[in-house]
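Residue numbers (my numbering): 4 to 159.
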């Protein structure tokens, strides 16, 4: 069963065994982003907030790269340690759910860039390859996490 929603003050995630098996590889897969300089995922995941200012971009990189990598590493650790319990149903606090959301979001960006999707391009409605099926699934999971986090944080 696939289920992502609010339960009390937590977010419950329940995923089928095969989905957990696929998602288990995401953190290691994400570590490969940009290792090859021709990999379009590297620039996509590490976009500068100052694309028109090379000096500011370089300064930002110097100041923030380590911090960003530490945050990503912490997110991946949360994801890795909680994901196996999703087969039976795992209850996440908001910070853990946000970590999941960021890991899945990074995986979506990485896969989309490797499939040639541009920043503003819409996904095909019909997936034609296993990679596109995965991209659709990651989109569903991230969207469900965003909805659940919003429901929890902004409920009446």
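All C-beta atoms in this analysis are idealised placements derived from N, C-alpha and C, irrespective of residue type, glycine included.
Of all the beta strand (DSSP E) runs that stay within the bounds of the stretch 42–91, which reach a length of 3 or more residues?
-> none
Going by C-alpha distance, which of 82, 60, 8, 61 is nearest residue 110?
-> For this step, residue 110 is matched to residue 107 along the chain shown. Nearest of 82, 60, 8, 61 to residue 110, Cα basis: 82.
Simplified DSSP assignment, three categories, for residue 9 = Taking the first residue of the chain shown as position 1, residue 9 is located at position 6. Strand, per DSSP.
Report yes if the C-beta distance between residue 99 and residue 5 is below 9 Å; otherwise report no.
-> Taking the first residue of the chain shown as 1, we reach residue 99 at position 96. Taking the first residue of the chain shown as 1, we reach residue 5 at position 2. It is not a contact, given that the beta carbons lie outside the stated cut-off.
If I'm right that residue 113 touches residue 145 with Cβ under 8 Å, what's the distance once you round it to whole angstroms?
-> Taking the chain shown and counting its residues from 1, one reaches residue 113 at position 110. Taking the chain shown and counting its residues from 1, one reaches residue 145 at position 142. 13 Å between Cβ atoms; not a contact.
Pull up the distance between the alpha-carbon of residue 72 and that of residue 20, whole angstroms please.
-> Within the chain shown, the letter at position 69 stands for residue 72. Within the chain shown, the letter at position 17 stands for residue 20. Cα-Cα distance, rounded: 29 Å.
Three-state secondary structure assigned by DSSP to residue 101 | On the chain shown, residue 101 is found 98 positions in, with the first residue counted as 1. Three-state result, residue 101: helix.
Give the DSSP-derived three-state secondary structure of residue 129 in the structure shown.
-> Indexing the chain shown from 1 puts residue 129 at position 126. Coil at residue 129, not helix or strand.
Mark residue 7 as exposed unless 16 or more other C-beta atoms lie within 10 angstroms of its C-beta, in which case mark it buried.
-> As a first step, residue 7 is located in the chain shown; it is residue number 4 there, counting from the start. Buried, because 16 or more other Cβ atoms sit within 10 Å of the Cβ of residue 7.
Chain-order list of residues whose beta-carbon lies under 6 Å from that of residue 147 (same chain, five-residue window excluded) | By 1-based counting over the chain shown, the position of residue 147 is 144. These residues qualify, in order along the chain: 7.
For residue 23 versus residue 89, is the C-beta spacing smaller than 9 Å?
-> Taking the chain shown and counting its residues from 1, the one referred to as residue 23 is at position 20. Taking the chain shown and counting its residues from 1, the one referred to as residue 89 is at position 86. Yes, the pair counts as a contact, with Cβ atoms nearer than the cut-off.
Helix or strand or just coil, what does DSSP make of residue 16?
-> The residue labelled residue 16 in the question sits at position 13 within the chain shown. In this structure, residue 16 counts as strand in the three-state DSSP scheme.
Just how far apart, CA to CA, sit residue 106 and residue 39?
-> Taking the first residue of the chain shown as 1, we reach residue 106 at position 103. Taking the first residue of the chain shown as 1, we reach residue 39 at position 36. Computed Cα separation, rounded: 20 Å.
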